[in-house]
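First up is the structure itself, then whatever we jot down about it.
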Amino acid sequence: MAEATPSFKIFPGQAFPLGASEVDNGINFAIFSQHATAVTLCLSLPQSGELDMLAGGMIEFSLDPNLNKTGDIWHICIEDLPRSNVLYGYRIDGPKDWDKGHRFDSNNVLIDPYAKLVEGRRNFGDAKHKLSKFLGTYDFDSLPFDWGEDYKLPNIPERDLVVYEMNVRAFTADESSCLDQDIRGTYAGLIEKIPHLLELGINAVELLPVFEFDEFEFQRRPNPRDHMINTWGYSTINFFAPMSRYGSGGGGAVSASQEFKEMVKALHGAGIEVILDVVYNHTNEADDKHPYTTSFRGIDNKVYYMVDLNNKGQLLNFSGCGNTFNCNHPVVMELILDSLRHWVVEYHIDGFRFDLASVLCRGTDGSPLGAPPLIR
1 MAEATPSFKI FPGQAFPLGA SEVDNGINFA IFSQHATAVT LCLSLPQSGE
51 LDMLAGGMIE FSLDPNLNKT GDIWHICIED LPRSNVLYGY RIDGPKDWDK
101 GHRFDSNNVL IDPYAKLVEG RRNFGDAKHK LSKFLGTYDF DSLPFDWGED
151 YKLPNIPERD LVVYEMNVRA FTADESSCLD QDIRGTYAGL IEKIPHLLEL
201 GINAVELLPV FEFDEFEFQR RPNPRDHMIN TWGYSTINFF APMSRYGSGG
251 GGAVSASQEF KEMVKALHGA GIEVILDVVY NHTNEADDKH PYTTSFRGID
301 NKVYYMVDLN NKGQLLNFSG CGNTFNCNHP VVMELILDSL RHWVVEYHID
351 GFRFDLASVL CRGTDGSPLG APPLIR
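Going letter by letter, the sequence shown gives residues 1 to 376 in the UniProt record's numbering.
The following block contains the structure:
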């Protein structure tokens, strides 16, 4: 069942909750894949070295479908793992039949869709590490965030909102922000500009995408824009993790998550609501001509994306971005709802703006629905 060092004690694990969770006897890992035939959990421990060396230095645990699978969920529990700073992903294999919508390739180490934190390069636009891998991580060491005894949500009536749409990085990245260089373009930098927002009469900020994304996505393939850095963030890698490189000081995913909460707390303390611009209509994984496989495509492409089974399993492209997230598939719908709940419960977000929301109203074959289950 496991190909790993003998120091680890391994248990079959449990199917829920999805993602990495702390249980009495260790860390439980659970991931959905309906069509997978083989799943391997890959771990990089804190002492294993640099992120760019992960491909050759990960500990791998092969899951036995007779012991480590319940329905379509693969799971394993490992005792004595560190409670934080572990990077993890999955190698997943399955049918190679593209005509039926499958895109399995066990050479890829994939991000868990339910990873609550994602680690990649530490600094935004760091060209030396532009090909760094992105992997999930977890933090069960930190104490619960202190929102304060007097903390409360602004709860401003919608008719009274004065909304400032902003890109977190662009808002303070330039030296004209008059901020210290180490906090320009960060969540901490936005905190420093709250007095400016109040002077403008703003009582709500709508943050352009702050889910984890890869600013070097254009440079991974021949492209007329391959010299450019994506600062907009509309190519989501993971729907639960805040953009780690918007944290100050290159502190990584855990530090950025804490800083994001400090930002929300400060904005709320000033009477300013926080609305997120969210992108559930497509992901970063592009199309079949220039795929950028980081997660969903390799985990179960036929489930997570709309495919045309009448046209050789081609990806349907209602988003204009190469793929279309299969929003009204029961599993994908639950993922989206779990993501939204996570941002409300964990980060106290006040509301959402849904990018290209028409995709949320399409069925699994791409046809418009009169009463889409996700919206209902």
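Beta carbons are placed, not taken as given, at the ideal position from N, Cα and C, and that holds for glycine.
Bear in mind the structure is a predicted one, so any value in this text is a computation, not a measurement.
- Leu315 sits in a strand when the DSSP states are folded into three classes.
- Annotation for Arg297: the continuous alpha helix (DSSP H) segment containing it runs 296-304.
- Burial state of Tyr246 is buried, judged by a 10 Å Cβ sphere holding 16 or more other Cβ atoms.
- Per DSSP, Glu259 lies in no beta strand (DSSP E) segment; the continuous alpha helix (DSSP H) that holds it begins and ends at 253-269.
- For the pair Tyr347 and Asn326, the CB atoms are not nearer than the 8 Å cut-off.
- Following the DSSP letters along the chain, one finds His75 in no alpha helix (DSSP H) but inside the beta strand (DSSP E) bounded by residues 73-78.
- By the CB criterion at 8 Å, Ile76 and Leu63 fall inside the cutoff.
- Going by DSSP, Val278 is part of no alpha helix (DSSP H) but of the beta strand (DSSP E) stretching over 273-278.
- With a threshold of 16 other beta carbon atoms within 10 Å, Ile375 falls short and is exposed.
- Between the alpha carbons of Phe240 and Glu199 lies a gap of roughly 32 Å.
- For Gly19, there is no enclosing alpha helix (DSSP H); the residue is found in the beta strand (DSSP E) stretching over 19-23.
- Sequence-distant partners of Ile194 (beyond 5 residues in either direction) whose C-beta falls short of 8 Å from its own C-beta, in its chain, are Ala266, Leu267, Ala270, Ile272.
- Around the CB of Tyr114, 16 or more other CB atoms lie within 10 Å, so the residue is classed as buried.
- Scanning its chain for C-beta atoms nearer than 6 Å, with the 5 sequence neighbours on each side dropped, one finds around Pro209 the residues Gly233, Tyr234, Asp277, Val279, in chain order.
- Check the Cα spacing between Gly148 and each of Lys130, Val163, Gly125, Glu262: the tightest is with Glu262.
- For Ser21, the CB contacts under 6 Å within the same chain, skipping 5 residues up- and downstream, are Asn28 in chain order.
- Shown here for Ala30: same chain residues with a beta carbon closer than 6 Å to its own, the five before and five after excluded, namely Ala15, Leu18, Ile73, His75 in chain order.
- For Gly251, the closest C-alpha among the options Trp98, Phe124, Ser106, Leu81 is that of Phe124.
- Our two residues, Ala204 and Val162, have alpha carbons roughly 6 Å apart in a direct line.
- With respect to the 8 Å criterion, Thr236 and Asn284 are classified as neighbours on the basis of their beta carbons.
- In its own chain, leaving out the 5 sequence neighbours on each side, no residue places its CB closer than 6 Å to the CB of Pro65.
- When the five nearest sequence neighbours on each side are left out, the beta carbons in the same chain lying within less than 6 Å of the beta carbon of Trp98 are those of Gly313, in order along the chain.
- At a Cβ-Cβ threshold of 8 Å, Phe216 and Lys130 count as neighbours.
- Residue ranges of uninterrupted alpha helix (DSSP H) with 4 or more members, entirely inside the stretch 173-248 and ordered along the chain, are 187-192, 194-199.
- Around the beta-carbon of Cys321, 16 or more other beta-carbon atoms lie within 10 Å, marking it buried.
- With respect to Ser257, Ile183 sits apart: the two C-beta atoms are not nearer than 8 Å.
- Looking from the CA of Pro373, the closest CA among Lys69, His342, Asn328, Val39 belongs to Asn328.
- Under the three-state reduction of DSSP output, Gly322 falls in the coil class, being neither helix nor strand.
- At the C-beta level, Ile275 and Phe352 come within 8 Å of one another.
- Burial of Glu212 is indicated by the presence of at least 16 other C-beta atoms within 10 angstroms of its C-beta.
- For the set Tyr90, Ser132, Thr40, the Cα lying nearest the Cα of Phe296 is the one of Tyr90.
- Contact between Phe61 and Thr37 does not hold, since the beta-carbon distance rounds to 16 Å and is not under 8 Å.
- Membership of Ser339 in the alpha helix (DSSP H) is indicated by the continuous run 330-347.
- Arg122 counts as buried, since at least 16 other C-beta atoms from the protein chains shown sit within 10 angstroms of its C-beta.
- Straight-line spacing of the CA atoms in Ile92 and Ile111 works out to 11 Å.
- For Ser255, same chain residues with a beta-carbon under 6 Å away, outside a window of 5 residues either side, are Gly247 in chain order.
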